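Residue numbers (my numbering): 467 to 591. Backbone N, C-alpha and C define an ideal beta-carbon position, used for all residues, glycine too. Quick caveat, the model's predicted, so the values are computed rather than measured.
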Amino acid sequence: MADESWRVPSLVQEVAATVQEPPSRYLIPEQDRGGDQLAGAEMPDPVPTIDLQRLLASDSAADEEATKLRSALQTWGFFLVTNHGIESSLMDSLIAASREFFRKPLEEKQVYSNLIEGKQWQLEG
467 MADESWRVPS LVQEVAATVQ EPPSRYLIPE QDRGGDQLAG AEMPDPVPTI
517 DLQRLLASDS AADEEATKLR SALQTWGFFL VTNHGIESSL MDSLIAASRE
567 FFRKPLEEKQ VYSNLIEGKQ WQLEG
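Here it is in structure tokens:
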């Protein structure tokens, strides 16, 4: 088998297969959260939200949304999409499929890896 130095420790696999909610030691009770501050640090800005309907409109709203999208990509690298038209039932199915996949044993998940000989990523497409 290829170089296995990248393998995820078995504890992580075990937790991924059994845990439904984060362990309580990783949760901060609401009364201890300190409002807009967490552990003495300011909370970051909310994740940028892009309205797909506005982005696809044929008016100035599309230009404004495109500016927001450009900014999100340059500063955050990701964004939340709203008004995309995807049914919530499909999104629920995708979440369930993701959870099912990540609960599988490591060996089963490796079948879908796009690593070449365990060392470099293979481009898709």
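Legend entry - leucine 546 versus phenylalanine 568 - alpha carbon distance: 22 Å
Inset, instruction - For the stretch 561 to 589, list the alpha helix (DSSP H) runs that are entirely contained and at least 4 residues long, ordered along the chain. - result: 572 to 576
Inset, instruction - Using three-state DSSP, classify valine 455 as helix, strand or coil. - result: Nothing about residue 455 can be reported from this structure: the residues present for the chain run from 467 to 591 only.
Legend entry - First and last residue of the uninterrupted alpha helix (DSSP H) at aspartate 529: 526 to 541
Legend entry - Buried or exposed (CB count within 10 angstroms, at least 16 for buried), aspartate 517: buried
Inset, instruction - State the CB to CB distance for the pair glutamine 576 and isoleucine 582, rounded to an integer number of angstroms; the pair is presumed to be in contact (CB under 8 Å). - result: Their Cβ separation, rounded to whole angstroms, is 13 Å, which puts glutamine 576 and isoleucine 582 out of contact at 8 Å.
Legend entry - glutamate 531 classed as buried or exposed, judged by whether at least 16 other C-beta atoms fall within 10 angstroms: buried
Legend entry - leucine 493 - DSSP class collapsed to helix/strand/coil: coil
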